[in-house]
DNA sequence: CTCGCATACTCAACTTGTTGACTAGGTCGG
DNA sequence: CCGACCTAGTCAACAAGTTGAGTATGCGAG
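In structure tokens form, the structure reads like this:
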């Protein structure tokens, strides 16, 4: 029941098609809520049935017809009600960490390769987040933005995503040095 | 199919009952893999049926009989094979971030309360992680530990949990100041 | 002496999330 | 002009995660 809220939060930026949302999720909301396009389409249908969103069909030339969704008054209220609810502890699931935990008795080289991959991915994410940040700020300083902007929510979540990925990069680097050094020690023990 | 791997990684520390694992998960693995006790019991049954773990029934006085699980050779192999697999991008899900994203058009005070709660929870987690860290180090310096210990995996994942929670605390504090200041501005506009 | 919490689970129903295949036209590069 | 990728989805089946209730005993606090 919570993908709903993520979708509604995304729709605060204005109407969007399922396809748009799938991309928008990928770009910014993915930072704290991931889902597959299929999940989105299914949830959008349900939300429409529940009256939280409404669709406007747009015929296009040279493109398939799309349906643009926007929040209804009921959706707006539901979202506000959600913000007032008490939060339950977050669910995290990271396969890489499981692999690192078991690395000592597994394939260390493969785990190192996974860590390197994750590091690159995190670095790429940082670049995208920085671009998004610059776009949100729109030339203003952070200070100016925070006092003048209508919405600060998206900026604050972006900051979380940024620092999370930076932290990721640091941790990956640390892991790699540690595992590298141990590898060396094990290959040529004293 | 992935809770399996987290369970096997946890069993590298030695045999444990379902109940033990539920608590152990809460204390350390929860950092990157959360699950309910029910999920654990169910998965343990399946893993036993698949021959990845085996159980030893222990009758106790004054306590219910328990079953201690340990990795079989097949389980060990399966875990090693898992470490060699390529990783798929992680799933994150944080309700609090959804709430923050929507805070501007919701109940800001309630969101602030949730952030405060999260901050306290993160601070408590840091304390527990630090204790666990001290226990793992066992008087050695980090340097000594990393070169002499048999397993560094659990230590590395612990480091990730620690820096994640520290980052959480910083972000929560930042959010609170930002929202506080805006609240003041909105209550008494120029 | 009772209430609540800890140990150690089981069962069932339900909601979410994942995977893979399919439709169907348009655009762009080689 | 062919194959690959983009838009904009749909459908079905399955795997995984969540919630709530129930069982049974022991221990310590009030």
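Chains as they are written, first to last, in my numbering: chain A, -18 to 171; chain B, -18 to 171. By construction, the Cβ of each residue, glycine as well, lies at the ideal position given by its N, Cα and C atoms. These numbers come from a predicted model, not from an experiment.
The beta strand (DSSP E) enclosing residue 66 of chain B, as first and last residue numbers: Counted from its first residue, the second chain places residue 66 of chain B at position 85. Neither: residue 66 of chain B is in no beta strand (DSSP E) and is coded neither H nor E.
If you check the beta carbons only, do residue 110 of chain A and residue 134 of chain A fall under 8 Å apart? Working through the first chain from its first residue, we reach residue 110 of chain A at position 129. Working through the first chain from its first residue, we reach residue 134 of chain A at position 153. Their beta carbons are not under 8 Å apart, which means residue 110 of chain A does not touch residue 134 of chain A by this criterion.
Cβ of residue 59 of chain B within 8 Å of Cβ of residue -11 of chain B? If you number the second chain from 1, residue 59 of chain B lands on position 78. If you number the second chain from 1, residue -11 of chain B lands on position 8. Yes, the Cβ-Cβ distance between residue 59 of chain B and residue -11 of chain B is below 8 Å.
Pull up the distance between the alpha-carbon of residue 113 of chain A and that of residue 85 of chain B, whole angstroms please. Walking along the first chain from the start, residue 113 of chain A turns up at place 132. Walking along the second chain from the start, residue 85 of chain B turns up at place 104. Computed Cα separation, rounded: 19 Å.
Going by beta carbon distance, what residues of the same chain come within less than 6 Å of residue 118 of chain B, once the five residues before and after it are set aside? In the second chain, the residue the question calls residue 118 of chain B occupies position 137. Within the same chain, residue 118 of chain B has close Cβ partners 126.
How far does the beta strand (DSSP E) with residue 49 of chain A in it reach, from first residue to last? Here the question's residue 49 of chain A lines up with position 68 in the first chain. Looking at the DSSP string, the run of the beta strand (DSSP E) that includes residue 49 of chain A is 47 to 52.
Any chance the region 73 to 91 of chain A sits against the region 6 to 16 of chain B, with 3 or more Cβ pairs inside 8 Å? yes
What are the boundary residues of the alpha helix (DSSP H) that includes residue 38 of chain B? For the purposes of this step, residue 38 of chain B is identified with residue 57 of the second chain, where counting begins at 1. Segment 34 to 39 is the beta strand (DSSP E) holding residue 38 of chain B; no alpha helix (DSSP H) there.
Locate the alpha helix (DSSP H) running through residue 43 of chain A, then write down its first and last residues. Along the first chain, one-based indexing puts residue 43 of chain A at 62. No alpha helix (DSSP H) contains residue 43 of chain A, which DSSP labels as neither H nor E.
Find the residues of chain A that neighbour residue 131 of chain B, judging by a C-beta separation of less than 8 Å, and give them in chain order. Within the second chain, numbered from 1, the residue matching residue 131 of chain B stands at position 150. Chain A residues near residue 131 of chain B: 85.
Within 10 Å of its beta-carbon, does residue 99 of chain B have 16 or more other beta-carbons around it, so buried, or fewer, so exposed? On the second chain, position 118 is the one that residue 99 of chain B refers to. Classification of residue 99 of chain B: buried, given that the 10 Å Cβ count is 16 or more.
Let's see if you can read the secondary structure: which residues bound the alpha helix (DSSP H) around residue 72 of chain A? Here residue 72 of chain A refers to the residue found at position 91 when the first chain is read from its first residue. Per DSSP, residue 72 of chain A belongs to no alpha helix (DSSP H); it is in the beta strand (DSSP E), 72 to 74.
Is there at least one Cβ from chain B nearer than 8 Å to residue 67 of chain A's Cβ? The residue you call residue 67 of chain A lines up with position 86 of the first chain. True, the Cβ-Cβ gap to chain B drops below 8 Å.
Between residue 135 of chain B and chain A, is the shortest Cβ-Cβ distance under 8 Å, so that the two count as touching? As a first step, residue 135 of chain B is located in the second chain; it is residue number 154 there, counting from the start. Answer yes: the Cβ-Cβ gap between residue 135 of chain B and chain A drops below 8 Å somewhere.
By the criterion of Cβ-Cβ separation under 9 Å, what are the contact partners of residue 188 of chain B in chain A? Outside the displayed range of chain B (-18 to 171) lies residue 188 of chain B, so it cannot be described from this structure.
Which residue's Cα is closest to the Cα of residue 47 of chain A: A/70, A/-1, A/23? Translated into the one-based positions of the first chain, residue 47 of chain A becomes position 66. Ranking A/70, A/-1, A/23 by Cα distance to residue 47 of chain A puts A/-1 first.
Pull out every residue of the region 142 to 167 of chain A whose Cβ sits closer than 8 Å to any Cβ of chain B, in chain order. 144, 145, 148, 151, 152, 155, 156, 159, 160, 162, 163, 166
Residues of chain A with a CB under 9 Å from the CB of residue 71 of chain B: which are they? Looking up residue 71 of chain B in the second chain gives position 90. Residues of chain A passing the Cβ test: 15, 73, 74, 75, 76, 77, 78, 99.
Straight-line Cα distance separating residue 96 of chain A from residue 123 of chain B: Within the second chain, the letter at position 142 stands for residue 123 of chain B. Within the first chain, the letter at position 115 stands for residue 96 of chain A. If I take the Cα positions, the gap works out to 21 Å.
Considering only their Cβ atoms, is the gap separating residue 53 of chain B from residue 34 of chain B smaller than 8 Å? On the second chain, position 53 is the one that residue 34 of chain B refers to. On the second chain, position 72 is the one that residue 53 of chain B refers to. Yes; because the gap between Cβ atoms is below 8 Å, this pair is in contact.
Residue 83 of chain A, DSSP secondary structure in three states: Position 102 of the first chain, counting from 1, holds the residue named residue 83 of chain A. In the structure shown, residue 83 of chain A sits in coil (DSSP, three-state: anything other than H, G, I, E or B).
Other residues of its chain near residue 146 of chain A: CB distance less than 6 Å, five sequence neighbours each side excluded: Sequence index remark: in the first chain, residue 146 of chain A carries index 165 (1-based). The answer, listed in chain order, is 103, 106, 107.
Indicate whether residue 36 of chain A and residue 50 of chain A have their beta-carbon atoms separated by less than 8 Å. For the purposes of this step, residue 36 of chain A is identified with residue 55 of the first chain, where counting begins at 1. For the purposes of this step, residue 50 of chain A is identified with residue 69 of the first chain, where counting begins at 1. The answer is yes: Cβ separation under 8 Å.
Let me know if residue 115 of chain B comes out buried or exposed under the rule of 16 or more other beta-carbons within 10 Å of its beta-carbon. Here residue 115 of chain B is taken as the residue at index 134 of the second chain, counted from 1. Residue 115 of chain B is exposed by the Cβ-count criterion.
My output table needs one value for residue 115 of chain B: the three-state DSSP class, helix, strand or coil. The residue given as residue 115 of chain B occupies position 134 in the second chain. Looking at residue 115 of chain B - three-state DSSP - the assignment turns out to be helix.
For residue 32 of chain A, does the count of other Cβ atoms within 10 angstroms reach 16, so buried, or fall short, so exposed? For the purposes of this step, residue 32 of chain A is taken as residue 51 along the first chain, with counting starting at 1. Exposed, by the Cβ-count rule.
Is the shortest distance between the beta-carbon of residue 118 of chain A and the beta-carbons of chain B less than 8 Å? In the first chain, residue 118 of chain A corresponds to position 137, counting from 1. Chain B, which has no Cβ nearer than 8 Å to the Cβ of residue 118 of chain A, makes this no.
Could you check what DSSP says for residue -3 of chain B in three-state terms: helix, strand or coil? What you label residue -3 of chain B is simply residue 16 of the second chain in a count that begins at 1. Note: residue -3 of chain B maps to strand in three-state DSSP.
Would residue -15 of chain B be called buried (16 or more neighbouring beta carbons within 10 Å of its own) or exposed? Residue -15 of chain B sits at position 4 when you count from the first residue of the second chain. Label assigned to residue -15 of chain B: buried.
I'd like the span of the alpha helix (DSSP H) that includes residue 126 of chain A, first residue to last. On the first chain, residue 126 of chain A is found 145 positions in, with the first residue counted as 1. That run of the alpha helix (DSSP H) goes 123 to 129.
Establish whether the CB of residue 88 of chain B and some CB of chain A are separated by less than 8 Å. Taking the first residue of the second chain as position 1, residue 88 of chain B is located at position 107. It does; some Cβ of chain A falls within 8 Å.
Does residue 165 of chain B pass the burial test, meaning 16 or more other C-beta atoms within 10 Å, or should it be called exposed? As a working mapping, residue 165 of chain B is identified with position 184 in the second chain. Classification of residue 165 of chain B: exposed, given that the 10 Å Cβ count is below 16.
Name the one or two DSSP bridge partners that residue 14 of chain B has. Locating residue 14 of chain B in the second chain gives position 33, counting from the first residue. Paired residue(s): A/74.
What are the residues of the region 34 to 64 of chain B that lie near chain A, defined by any Cβ-Cβ distance shorter than 9 Å? 57, 60, 61, 62, 63, 64
Out of B/44, B/87, B/101, B/69, which one is the CA nearest neighbour of residue 70 of chain A? The count along the first chain starts at 1 and reaches residue 70 of chain A at position 89. Measuring from the Cα of residue 70 of chain A, the nearest candidate turns out to be B/101.
In chain order, what residues of the same chain lie with their CB nearer than 6 Å to the CB of residue 40 of chain A, ignoring the 5 residues before and after it? On the first chain, residue 40 of chain A is found 59 positions in, with the first residue counted as 1. Correct list, in chain order: 46.
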